[in-house]
Amino acid sequence: MHSYIGNGLMLAEAEPEPNGGSPTHVGSGLMLAGARLTVLDLSDNAVGPVGMDGLHVLLTSPVCYTLQRLLLNNNGWGPTGGVRLADCLIECHERSVRDGTPMKLREFVSGRSRLENPGALRLAEFFKRVKTMEKVVMPQNGIYHEGVQALAEALSENPALQHLDLNDNLLTPKGARALAKSLPKMEELRVLNLNDCLLRAAGARAVAAAIRGNNPKLEELHLAFNEVTRAAAVDLVEAAAGRESLSLVHLDGNQLGEEGIEAVRDAAAAAGLADTLGGFSEDEDEPDSDEEQDEEEEEEEDGEGAESEGEHVSPMKREEAAAAKRPGITPIQCTVAEFLCQPTAARLLGLGDQRQQLLTKEALNVKEIGDGRCAAVQRHLQLLSAVCRVDASQPPVDQLLPPLVDALLRSALDTAGEDLGLLSNSLLVYLGLIKCEDKQFSVSWDVKGMLVALTRAVRQPYFPATVRDTLQTFLSRPNKTVDMHPQQKHLLMQALFQ
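One point on numbering: in full-length UniProt numbering, the residue at position 119 of the sequence shown is 119, and numbering is uninterrupted.
Right under this line is the structure:
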């Protein structure tokens with residue numbers, strides 16, 4: 001039996017009420033009917049950790065003993081909800097074993113739900129127990145190397161695993177090395193998706209070494225948007241050779257440059273993989289030798305220094321911290337509110353090393369105090385607009401702005417959920433492309449920095465196609481605010497049409 005609970009269920013509906021909330025009613029009805037589910041799809045419902053109160057009864061009942069596919073995409077679990085979800089699955093498995101009908105879950109999907117390390121670590125415990133997983137899809141959950149290591153070790157005990165998707169998590173080279181230790185044990189693996197995981201060259205080499213001579217049934221290998229350089233990309237192609245089943249090697253969005261792309265294509269041709277190599281339309285320029293050497297040193301530090309301190313520091317965070325300490329701008333200590341009033345480079349630096357968390361927390365606070373998703377998305381764009389007005393022409397600000405822009409846009413996307421129109425409208429308002437419902441609001445600032453930031457952001461995998469289409473439509477029309485910057489507008493339009 002397949003149970004699908006349609007999207008749009010909000011937290012208030014998910015919370016248990018005195019007479020029984022929505023998930024409780026669903027669970028009770030299924031149990032009274034003696035149902036035995038094989039598929040449960042709760043995707044795109046804002047269940048969150050509170051909604052687990054109602055779902056606990058359902059997920060631990062005999063109704064779910066027979067589950068084969070559990071689809072929980074975009075549910076806003078958060079770390080706490082992720083732990084509670086895993087606890088329910090562990091309890092369900094224990095009960096099913098005790099009752100003589102062991103749970104045999106095959107597919108687990110939970111993307112864009114902010115599971116982070118706590119949720120990943122606890123879910124790994126479930127995967128280790130069930131041992132029947134064939135497909136695990138957990139993109140964009142903020143999982144760092146500790147969570148990746150636990151998931152990899154647990155999934156290596158699932159001999160039928162065919163599909164592993166961890167794209168858009170924060171693996172870094174250290175997480176890639178942890179995963180690489182378990183990859184040879186995944187003999188049935190067909191799809192490995194590690195796109196946008198900050199693997200860099202060292203992480204890519206670790207994956208290449210792991211799959212060389214292993215994973216004979218591999219069909220798709222995705223390592224796009226990982227800052228992988230030429231030599232590491234060639235290693236990956238050579239390591240993937242010798243598999244008749246291989247249909248796609250995706251390495252777009254890395255740092256190969258034109259000569260690097262040719263080297264990769266030559267290696268693919270020599271390995272008989274010319275037809276499997278994906279395109280390179282979003283490749284970045286190859287770093288110069290000094291920059292590449294700096295990156296290699298950072299990767300070595302990531303593998304050694306963080307281990308000795310017992311904590312993880314991603315390359316992006318390390319670069320932010322290093323950039324903030326470089327001479328040139330004297331930080332002015334301030335609050336987020338003070339930064340909004342006067343968004344300068346000095347004040348941005350004055351927010352400290354936790355500026356990214358402070359800004360996103362400020363935006364999310366609007367939602368928490370009851371002003372709703374729309375107000376929270378607008379607050380994200382207000383903060384984004386302020387960040388983009390900071391002079392990015394000198395270090396260290398030039399290194400700090402891109403990850404801040406990405407963080408605010410990702411958080412805005414998470415807040416908007418399925419209603420991407422909220423994000424599209426707010427973007428258009430803060431670019432001055434449409435009028436705000438609040439008649440007193442007007443764009444009185446220069447939007448040049450925002451156009452520049454969006455030119456990079458719209459190329460990122462997380463940026464929704466529907467929002468890109470909306471921007472294309474409105475930017476194609478004459479507009480006094482945007483047309484003041486014809487070059488920046490042209491570059492953004494180019495990026496949107498790629």
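Where is the CB? At the ideal position from N, CA and C, for every residue including glycine.
Exercise for the section: Taking the CB atoms as reference points, tell me whether proline 184 and asparagine 226 lie closer together than 9 Å. Expected result: In this structure, asparagine 226 does not lie closer than 9 Å to proline 184 by Cβ.
Practice task
State the DSSP-derived secondary structure class of valine 109, mapped to helix, strand or coil.
Solution key: DSSP places valine 109 in strand when its eight states are reduced to three.
Problem - Residue burial classification, cysteine 341 (beta-carbon count within 10 angstroms, cutoff 16) - result: Burial call: exposed.
Exercise for the section: Would you tell me roughly how many angstroms separate the C-alpha atoms of leucine 433 and asparagine 479, rounded to the nearest one? Expected result: Put simply, the backbone Cα of leucine 433 is about 7 Å away from that of asparagine 479.
Practice task
Classify threonine 80 as helix, strand or coil using the three-state DSSP reduction.
Solution key: Note: threonine 80 maps to helix in three-state DSSP.
Exercise for the section: Determine the burial state of glutamate 220: buried for a count of at least 16 other Cβ atoms within 10 Å of its Cβ, exposed for fewer. Expected result: Counting Cβ neighbours within 10 Å, glutamate 220 comes out buried, since at least 16 surround it.
Exercise for the section: With leucine 161 as the anchor, note down where its alpha helix (DSSP H) starts and where it stops. Expected result: Here leucine 161 belongs to no alpha helix (DSSP H), and DSSP marks it neither H nor E.
Exercise for the section: Using 10 angstroms around the beta-carbon of threonine 335, count the other beta-carbons present and answer buried if the total reaches 16, otherwise exposed. Expected result: It is exposed - the Cβ of threonine 335 has fewer than 16 other Cβ atoms within 10 Å.
Exercise for the section: Give me the Cα-Cα distance between leucine 70 and threonine 415, rounded to the nearest whole angstrom. Expected result: Each residue's Cα considered, the two are about 23 Å apart.
Problem - Top-ranked residue by Cα proximity to arginine 243, from Trp77, Ile211 and Gln378 - result: The shortest Cα separation from arginine 243 among Trp77, Ile211 and Gln378 belongs to Ile211.
Exercise for the section: Output yes or no for whether 9 Å exceeds the beta carbon distance between leucine 59 and cysteine 88. Expected result: Less than 9 Å divides the Cβ of leucine 59 from the Cβ of cysteine 88.
Exercise for the section: For arginine 265, name the three-state secondary structure that DSSP assigns. Expected result: In the structure shown, arginine 265 sits in a helix (DSSP, three-state: H, G or I).
Handout entry: the segment 93-103 in contact with the segment 72-84 per 3-pair CB rule at 8 Å
Key = With a cut-off of 8 Å, the segment 72-84 and the segment 93-103 do not count as touching, because too few Cβ pairs lie within range.
Exercise for the section: Starting from the Cα of threonine 80, find the closest Cα among Ala206, Tyr65 and Val50 and give me that residue. Expected result: Comparing Cα-Cα distances from threonine 80 to each of Ala206, Tyr65 and Val50, the minimum goes to Val50.
Practice task
With distances taken Cα to Cα, identify the nearest neighbour of alanine 204 among His250, Val397 and Lys135.
Solution key: It is His250 whose Cα lies nearest to the Cα of alanine 204.
Practice task
Determine the contact status of glutamine 268 and leucine 277, defining contact as a CB-CB distance below 9 Å.
Solution key: According to the sequence shown, residue 268 is alanine rather than glutamine. The answer is yes: Cβ separation under 9 Å.
Problem - Between the CA atoms of proline 287 and alanine 86 - distance to the nearest angstrom - result: Their Cα atoms are separated by approximately 42 Å.
Practice task
Work out the CA separation of alanine 345 and lysine 489 for me, nearest whole Å.
Solution key: Straight-line measurement puts the Cα of alanine 345 at about 24 Å from the Cα of lysine 489.
Exercise for the section: Taking all protein chains shown into account, decide if lysine 435 is buried (16 or more other Cβ within 10 angstroms of its Cβ) or exposed. Expected result: Classification for lysine 435: exposed.
Exercise for the section: Taking only runs that begin and end inside the segment 173-226, name each unbroken beta strand (DSSP E) of 3 or more residues, in chain order. Expected result: DSSP runs (the beta strand (DSSP E)) wholly in the segment 173-226: 191-193 and 220-222.
Practice task
State the start and end residues of the unbroken beta strand (DSSP E) segment that holds lysine 135.
Solution key: Residues 135-137.
Exercise for the section: Report buried or exposed for alanine 239, applying the criterion of at least 16 other Cβ atoms within 10 angstroms of its Cβ. Expected result: When all chains shown are included, alanine 239 counts as buried.
Handout entry: Extent of the continuous alpha helix (DSSP H) run through histidine 56
Key = Note, histidine 56: alpha helix (DSSP H), 52-59.
Problem - Reduced DSSP secondary structure (H/G/I, E/B, other) of valine 237 - result: Helix, per DSSP.
Exercise for the section: Give me whichever residues DSSP pairs with histidine 380 in a beta bridge. Expected result: Histidine 380 is not bridged by DSSP to any residue.
Handout entry: Local conformation of aspartate 99 per DSSP, three classes
Key = Reduced to three states, the DSSP call for aspartate 99 is coil.
Handout entry: Through-space distance from leucine 218 to alanine 178, alpha-carbon basis
Key = Alanine 178 and leucine 218: Cα-Cα distance of roughly 19 Å.
Handout entry: Close-in-space but distant-in-sequence residues of the same chain around threonine 481 (CB under 8 Å, 5 per side omitted)
Key = Correct list, in chain order: Leu431, Gly432, Leu433, Val443 and Val447.
Practice task
Could you please give me the residues that DSSP links to aspartate 165 through a beta bridge?
Solution key: Per the DSSP secondary-structure output, aspartate 165 pairs in a beta bridge with Val137 and Asn193.
Problem - Separation of serine 182 from leucine 42, as counted between CA atoms - result: Each residue's alpha carbon lies about 30 Å from the other.
Practice task
Give every residue of the same chain whose Cβ lies closer than 6 Å to the Cβ of proline 102, excluding the five residues on either side of it in the sequence, and list them in chain order.
Solution key: For proline 102, same chain residues with a beta-carbon under 6 Å away, outside a window of 5 residues either side, are Ser96 in chain order.
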